[in-house]
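In this text, residue positions in the sequence shown follow the working numbering: the first is 57, and each later residue adds one. Yeah, the Cβ is synthetic: ideal placement off N, Cα and C, and Gly gets one too. Just so it is clear, the structure is predicted and the values come from calculations on it, not from any experiment. Worksheet: the structure to be examined is printed underneath.
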Amino acid sequence: MAVTTSKLLWCTIRYKKETGNWWVKENSDPKHYDPDGLGILDPYQFPWVLDMMDPLREYGLSNEILEAAFVPFQVHSIDKDEVVRLARVAEHILDSEEQLFALPNIKDGDKGSYADFLEHIMRLRVKLINDTIKLEQKLTVEDVDEQLSELRNQAMIEGRDIHPFEEITDILEFVPAGHEVPGEDDDEDKPSRAVSAEEEIGDLPEVEDDEKLDKEFEGKLKWDEDEERPEESEEGEEGGNSGRRR
57 MAVTTSKLLW CTIRYKKETG NWWVKENSDP KHYDPDGLGI LDPYQFPWVL
107 DMMDPLREYG LSNEILEAAF VPFQVHSIDK DEVVRLARVA EHILDSEEQL
157 FALPNIKDGD KGSYADFLEH IMRLRVKLIN DTIKLEQKLT VEDVDEQLSE
207 LRNQAMIEGR DIHPFEEITD ILEFVPAGHE VPGEDDDEDK PSRAVSAEEE
257 IGDLPEVEDD EKLDKEFEGK LKWDEDEERP EESEEGEEGG NSGRRR
């Protein structure tokens, strides 16, 4: 299999106070990563998501699927308009001790790594619920996907983009109406998230031009993009085609 160099080497992001999230403004590979409505997990949200997924580990949570689902970025610079320039890093996002942003890997759309990740955690969440809550009829992945699709459709009607943090936590916090999962932590125990670019990122050098940034990082980011994604080994309910939706 041929070793290729990814075109996704940098992106610029902006913090929107009205949504409380970071959104992609531009990137070096808009063909595969359309910036329109594309959100990114910040260095506070990603660890929060990891903590939320801890209960799923005994049900077969795959680190390989998790790592493949996100492209790691680190702050490179910031301009006067609080548009932050991120540079892609080659290290594994789960092994790094740096504060990294995590961009959903949507390169292959509904058949890609991020879609696989959403289906994976939805399947495991269903297993957890069926194992901890006595329901008259076992919950299925299709049931959860149908209910979450209603939320996505409502957001579409409102003209609102779904941020990946919201998309992921909707799955990790899903509980059938009228029930609760015993032993889950309260919201007060969850880590806080970034408030603004100025408060959390601080002063950084002036933004360098895109061509220089491409040359600086393209040599560090060679890997086999044709490598097959890990197959999901868990048995259980089928279905739940959960790609990136708006």
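message: Alpha carbons only, please: which of 135, 188, 147 and 232 is nearest the one belonging to residue 201?
response: 232
message: Going by DSSP in three states, residue 102 sits in which element: helix, strand or coil?
response: helix
- prompt: Whose CA, out of 235, 123, 93 and 86, lies closest to the CA of residue 78?
  reply: Its Cα nearest to that of residue 78, the residue 93 stands out among 235, 123, 93 and 86.
message: For a test of the three-state rule: what should DSSP assign to residue 173, helix, strand or coil?
response: It is helical.
message: Between which two residues does the alpha helix (DSSP H) holding residue 205 run?
response: 197-213 is the extent of the alpha helix (DSSP H) around residue 205.
- prompt: What are the complete beta strand (DSSP E) segments, minimum 3 residues, inside the segment 130-194?
  reply: Runs of the beta strand (DSSP E) inside the segment 130-194: 140-144 and 157-160.
- prompt: So what does residue 237 bridge to, in DSSP terms?
  reply: Beta-bridge analysis with DSSP links residue 237 to no other residue.
- request: Alpha carbon to alpha carbon, how far is residue 109 from residue 228? Give it in angstroms, no decimals.
  value: 7 Å
query: Exposed or buried, residue 132, counting other C-beta atoms within 10 Å across all chains shown (16 or more means buried)?
result: buried
field: Reduced DSSP secondary structure (H/G/I, E/B, other) of residue 70
entry: strand
field: Distance between residue 105 and residue 224 (C-alpha atoms, nearest Å)
entry: Answer to the nearest angstrom: the Cα atoms are 8 Å apart.
- request: Hey, could you find the ends of the beta strand (DSSP E) residue 82 is sitting in?
  value: 77-83
query: CB-CB under 6 Å to residue 141, same chain, minus the five flanking residues each way: which ones, in chain order?
result: Sequence-distant Cβ neighbours of residue 141 in its own chain, meaning closer than 6 Å and more than five residues away, are 68, 132, 133 and 263.
query: Skipping 5 residues on each side, what residues in its chain have a beta carbon closer than 7 Å to that of residue 154?
result: 130
task: List the whole-angstrom C-beta distance separating residue 91 from residue 156, where the pair is believed to meet the contact cut-off of C-beta under 8 Å.
output: At roughly 19 Å, the Cβ-Cβ gap does not stay under 8 Å, so residue 91 and residue 156 are not in contact.
task: Please go through the same chain and pick out, in chain order, the residues whose beta-carbon is closer than 7 Å to the beta-carbon of residue 82, but skip the five residues on each side of it.
output: 67, 68 and 91
message: Nearest by alpha-carbon distance to residue 172: which of 85, 97 and 121 is it?
response: 121
task: Please list, in chain order, all residues of the same chain as residue 145 whose beta carbon is under 6 Å from its beta carbon, the five residues on each side excluded.
output: 128 and 130
task: Out of 72, 206, 213 and 170, point me to the one whose CA is closest to residue 124's CA.
output: Ranking 72, 206, 213 and 170 by Cα distance to residue 124 puts 170 first.
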